[in-house]
Amino acid sequence: APMPGVAPAPMPGVAPAPMPGVAPAPMPGVAPAPMPGVAPAPMPAQPAMPQVPGIDTILVVDDSNLVANFIKKIFDNRYHVHIASDGAKAIEFLNNSGNAIIKCCLLDLNMPNVNGYQVLEHFKQNGYFVKFPVAVISGVEDSASLDPIYSYPIVDILSKPFNERDVQRVIEKCLATYN
């Protein structure tokens with residue numbers, strides 16, 4: 170006979186009988202069964218970011234897929250992140266971007282074809298510095314070789330190697346500059 174106040178020991182292979190008025194304990198990895206007369210709680214909505222230009226865009230110009238995709242992963246849930254693998258592709262994107270609203274540009278200096286210095290000059294000649302902030306990505310440790318970039322109104326330098334916090338700091342600084 171069962172003892173009052175003591176739960177019976179579970180039997181292998183047999184599910185315990187539900188106790189009246191007591192909700193079953195959740196099981197890890199198993200969705201709870203709906204309770205009669207109780208509406209299920211709505212799942213929090215995740216805003217879907219369209220992957221087409223037209224919303225706030227961060228332009229990342231870097232020939233390293235690793236760097237570009239790292240930055241994209243950090244901001245893809247809040248911005249459209251457009252990746253250009255060299256300066257020529259960045260200039261082409263800007264010339265054809267239509268309704269993209271560039272909020273920030275992260276520009277690597279050392280790239281094939283059209284490098285970051287040439288892009289900075291293009292930005293200057295075409296008035297892009299008044300349209301959006303630009304931060305430079307550099308792996309150069311010699312500060313003297315960075316001197317030429319200070320003739321341009323860049324917001325900051327993101328020095329390689331960097332981590333997620335460094336990227337966020339530079340992007341937030343860029344966004345605060347023009348917004």
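Each residue of the sequence shown is one higher than the last, beginning at 170 in the numbering used here.
All residues carry an ideal CB built from backbone N, CA and C; glycine is no exception.
All values derive from a computational prediction rather than experimental measurement.
Quiz item: Cα separation between V230 and A313?
Solution: Rounded to whole angstroms, the gap between the alpha carbons of V230 and A313 is 23 Å.
Quiz item: Counting Cβ pairs, one atom from each stretch, are 3 or more of them under 8 Å apart for the stretch 319-335 and the stretch 285-305?
Solution: In short, these stretches touch, since the Cβ pair count reaches three.
Quiz item: Using DSSP with H/G/I as helix, E/B as strand and the rest coil, what is A237?
Solution: helix
Self-check item: C-alpha distance - A261 paired with D311, whole-angstrom precision
Solution: It should be pointed out that residue 261 corresponds to Glu in this sequence rather than to Ala. Cα-Cα distance, rounded: 31 Å.
Quiz prompt | C-alpha gap between P330 and I224, whole angstroms | solution = Near 30 Å, if we compare the C-alpha coordinates of I224 and P330.
Quiz item: In this structure, does DSSP put V336 in helix, strand or coil?
Solution: For V336, the three-state secondary structure derived from DSSP is helix.
Exercise. Over the uninterrupted beta strand (DSSP E) stretch that includes L228, give me the two end residues.
Key: 225-230
Quiz item: From R338 to I227, what distance separates their C-alpha atoms?
Solution: 14 Å
Exercise. Output yes or no for whether 8 Å exceeds the beta carbon distance between G256 and V236.
Key: no
Practice problem: Report the three-state DSSP secondary structure of G307 (helix, strand or coil). | Solution: Here residue 307 is Ser; the residue named in the question, Gly, does not match the sequence. In this structure, S307 counts as strand in the three-state DSSP scheme.
Quiz prompt | C-beta atoms of C273 and L344 nearer than 8 Å | solution = yes
Quiz item: Can you list, in chain order, the residues of its chain whose CB lies under 6 Å from that of P216, leaving out five sequence neighbours each side?
Solution: At P216, the pLDDT of 40 sits below 50, so the modelled position is not reliable and the matter cannot be decided from this model.
Exercise. Alpha carbon to alpha carbon, how far is P317 from A269? Give it in angstroms, no decimals.
Key: 29 Å
Self-check item: Burial state of G308 (16 or more Cβ within 10 Å)
Solution: With fewer than 16 Cβ atoms within 10 Å of its Cβ, G308 is classed as exposed.
Quiz item: What number of angstroms, rounded off, separates the C-alpha of I252 from the C-alpha of D335?
Solution: Taking the straight line from one Cα to the other gives about 19 Å.
Quiz item: When the Cα of K242 is compared with those of T346, E333, K342, which residue comes out closest?
Solution: E333
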